[in-house]
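Asks: When we follow this note's numbering, the leftmost residue of the sequence shown carries the number 541, and every step to the right adds one. We put the CB at the ideal spot given by N, CA and C, even for glycine. These numbers were taken from a predicted model, which means no experiment stands behind them. Sharing a structure with you now.
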Amino acid sequence: MTDSFAPLPDDAALMDALWSLVAERGWQSTTLPALAERAGIDLPTLRGAVPTKFSLLCRHARLVDQAVLADAGLNPGGSPRDRLFDTLMRRIDALQPHRAGLVRFGRELRHDPLLGLALAPVLGASMAWMLEAARIESCGLLGTLRVQGLGAAWIATLRAWEQDDSVDLGQTMAALDKALDKAERAARWLKLDRDGDQPSGETPAAPPPSSAPASPDPID
Numbered sequence: 541m542t543d544s545f546a547p548l549p550d551d552a553a554l555m556d557a558l559w560s561l562v563a564e565r566g567w568q569s570t571t572l573p574a575l576a577e578r579a580g581i582d583l584p585t586l587r588g589a590v591p592t593k594f595s596l597l598c599r600h601a602r603l604v605d606q607a608v609l610a611d612a613g614l615n616p617g618g619s620p621r622d623r624l625f626d627t628l629m630r631r632i633d634a635l636q637p638h639r640a641g642l643v644r645f646g647r648e649l650r651h652d653p654l655l656g657l658a659l660a661p662v663l664g665a666s667m668a669w670m671l672e673a674a675r676i677e678s679c680g681l682l683g684t685l686r687v688q689g690l691g692a693a694w695i696a697t698l699r700a701w702e703q704d705d706s707v708d709l710g711q712t713m714a715a716l717d718k719a720l721d722k723a724e725r726a727a728r729w730l731k732l733d734r735d736g737d738q739p740s741g742e743t744p745a746a747p748p749p750s751s752a753p754a755s756p757d758p759i760d
C-alpha cells in the first residue's frame, strides 16, 4: 500500500511565516506548532516538509543560494572581485524580504555558540556556491581557504547590513567593498588568487589580521 502525504507547503509561504514569527518572538521562542498555524498548515504537513526546526535554517539557506544562482549568468564579465561583489549583493537582496526576522536571529545567534557551530557547515556550503556563481573554484585545499575567507567577508557584511536601514544599502555595500579588499590582500599573500600577481622573488607582506576566518555567525 502506498502512503499518502499532504502536499508540502509553498517554500515562500513557509519562509514568510518563519521569519515573521522570529521577528516577533525570536528564534528560541518560535515553535513548530506556531509555525504550522502561521503558515496555514497542519503539523503532519509541516513534518513532511522539514524534519527538525534546525532544518528550516538549512532550507532557507538553500533557497537563498538558489535565488542568487538563478541570476549567476547575468554579469559574467569583470574581475573575480567584481563578480563576488555582485554575487554577495544579490544575496543581500534575497535576504531583504525577511530582514526583521533575520536581523533578530543574527543577534540571538551571537549568544548561542552551539547553534553557530552547527550552522558553520551550512555557511560554508553557501559560500562555496557563491564562489562558483562568481566563476571562482571552490574545490580542493585552495577552494576551502577561499570559502573560509569569503565566509569572513560575508559575516562582516551582514553585521553592517543589520545597522543599515537605508534604501540604497550604501553602508552595506561599503562594508562589503572593504571586506573584499581585505580578503583579496590575504588571497594574494596566500597565493589563492588566480592571477598569481605576486612578483617573483618579492617577500610578501604579512597578511592583515582580519583575514583570519571569523567565528561562525551566519544569519541565512
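CB-CB under 7 Å to Ala634, same chain, minus the five flanking residues each way: which ones, in chain order?
Replies: By one-based count along the sequence shown, residue 634 stands at place 94. Here the set comprises Val604, Ala607 and Val608.
Asks: Rounded to the nearest angstrom, what separates Ala579 and Arg728 at their Cα positions?
Replies: For the purposes of this step, residue 579 is taken as residue 39 along the sequence shown, with counting starting at 1. For the purposes of this step, residue 728 is taken as residue 188 along the sequence shown, with counting starting at 1. Those two C-alpha atoms are separated by around 48 Å.
Asks: Is the Cβ-Cβ distance between Thr592 and Pro549 less than 8 Å?
Replies: Here residue 592 refers to the residue found at position 52 when the sequence shown is read from its first residue. Here residue 549 refers to the residue found at position 9 when the sequence shown is read from its first residue. No, the pair does not count as a contact, with Cβ atoms beyond the cut-off.
Asks: May I have the straight-line CA-CA distance separating Gly641 from Met670, to the nearest angstrom?
Replies: For the purposes of this step, residue 641 is identified with residue 101 of the sequence shown, where counting begins at 1. For the purposes of this step, residue 670 is identified with residue 130 of the sequence shown, where counting begins at 1. Roughly 23 Å between the two C-alpha positions.
Asks: Where in the region 627-666 do unbroken runs of the beta strand (DSSP E), each at least 3 residues long, occur, reported from the N-terminal end onward?
Replies: Within the region 627-666, no complete beta strand (DSSP E) run reaches 3 residues.
Asks: Quick one: measure Cβ to Cβ for Ser678 and Glu672, integer angstroms, because I've assumed they're closer than 8 Å.
Replies: Walking along the sequence shown from the start, residue 678 turns up at place 138. Walking along the sequence shown from the start, residue 672 turns up at place 132. With 8 Å as the limit, Ser678 and Glu672 qualify as a contact, their Cβ atoms being about 6 Å apart.
Asks: In chain order, what residues of the same chain have a beta carbon less than 6 Å from the beta carbon of Asp723, not counting five sequence neighbours either side?
Replies: Translated into the one-based positions of the sequence shown, residue 723 becomes position 183. Note that residue 723 is Ala in the sequence shown, not Asp. Cβ within range, chain order: Gly689 and Ala693.
Asks: Please go through the same chain and pick out, in chain order, the residues whose beta-carbon is closer than 7 Å to the beta-carbon of Asp735, but skip the five residues on each side of it.
Replies: Taking the first residue of the sequence shown as 1, we reach residue 735 at position 195. Because Asp735 sits at a pLDDT of 42, beneath the cut-off of 50, its placement in the model cannot be relied upon, and the following sentence gives the value as read from the coordinates. Nothing meets the Cβ criterion.
Asks: Below 6 Å CB to CB, which residues in the same chain sit around Thr570 once its five sequence neighbours on both sides are set aside?
Replies: Locating residue 570 in the sequence shown gives position 30, where the first residue counts as 1. Cβ neighbours of Thr570 beyond the five flanking positions: Leu561 and Val562.
Asks: Please work out which residues of its chain come closer than 7 Å, Cβ to Cβ, to Phe594, disregarding the five sequence neighbours upstream and downstream, and give them in chain order.
Replies: Walking along the sequence shown from the start, residue 594 turns up at place 54. Result list for Phe594: Ala658, in chain order.
Asks: Pick helix, strand or coil for Thr712, following the three-state DSSP scheme.
Replies: As a first step, residue 712 must be located in the sequence shown, where it is residue number 172. In the structure shown, Thr712 sits in a helix (DSSP, three-state: H, G or I).
Asks: Closest to Ala700 by CA distance: which of Val707, Gly691, Ser706 and Gln711 is it?
Replies: Taking the first residue of the sequence shown as position 1, residue 700 is located at position 160. Closest option to Ala700, Cα to Cα, is Gln711.
Asks: Taking 8 Å as the limit between beta carbons, can you name the residues of its chain near Gln703, skipping five residues before and five after?
Replies: What you label residue 703 is simply residue 163 of the sequence shown in a count that begins at 1. If we look at Gln703 and ignore the five residues flanking it on each side, its Cβ neighbours are Gln711.
Asks: I'd like the list of long-range same chain contacts for Pro573, defined as Cβ closer than 8 Å, with 5 residues on each side in sequence excluded.
Replies: Along the sequence shown, read from residue 1 onward, the residue named residue 573 stands at position 33. So the list reads Leu583, once near-sequence residues are dropped.
Asks: Can you give me the start and stop residues for the alpha helix (DSSP H) that Gly689 sits inside?
Replies: Translated into positions along the sequence shown, residue 689 becomes position 149. Counting along the chain, the alpha helix (DSSP H) containing Gly689 begins and ends at Gly680 to Gln703.
Asks: How would you call Val707, buried or exposed, if buried means at least 16 neighbouring beta carbons within 10 angstroms?
Replies: Counting from one through the sequence shown, the residue named residue 707 turns up at place 167. Flag for Val707 reads exposed.
Asks: Pull up the distance between the alpha-carbon of Asp737 and that of Asp721, whole angstroms please.
Replies: Here residue 737 refers to the residue found at position 197 of the sequence shown. Here residue 721 refers to the residue found at position 181 of the sequence shown. With a pLDDT of 36 at Asp737, under the threshold of 50, the modelled position of that residue is not reliable, and the figure given next carries that caveat. C-alpha separation (whole angstroms): 15 Å.
Asks: Look at the alpha carbon of Leu628 and the alpha carbon of Trp559, and state the distance between them as a whole number of angstroms.
Replies: Taking the sequence shown and counting its residues from 1, the one referred to as residue 628 is at position 88. Taking the sequence shown and counting its residues from 1, the one referred to as residue 559 is at position 19. Cα-Cα distance, rounded: 21 Å.
Asks: Grouping DSSP H, G and I as helix and E and B as strand, with all else coil, what is Trp567?
Replies: The count along the sequence shown starts at 1 and reaches residue 567 at position 27. Note: Trp567 maps to coil in three-state DSSP.
Asks: Kindly indicate which three-state DSSP category Thr767 falls into: helix, strand or coil?
Replies: Nothing in the structure corresponds to residue 767, since the chain is present only between 541 and 760.
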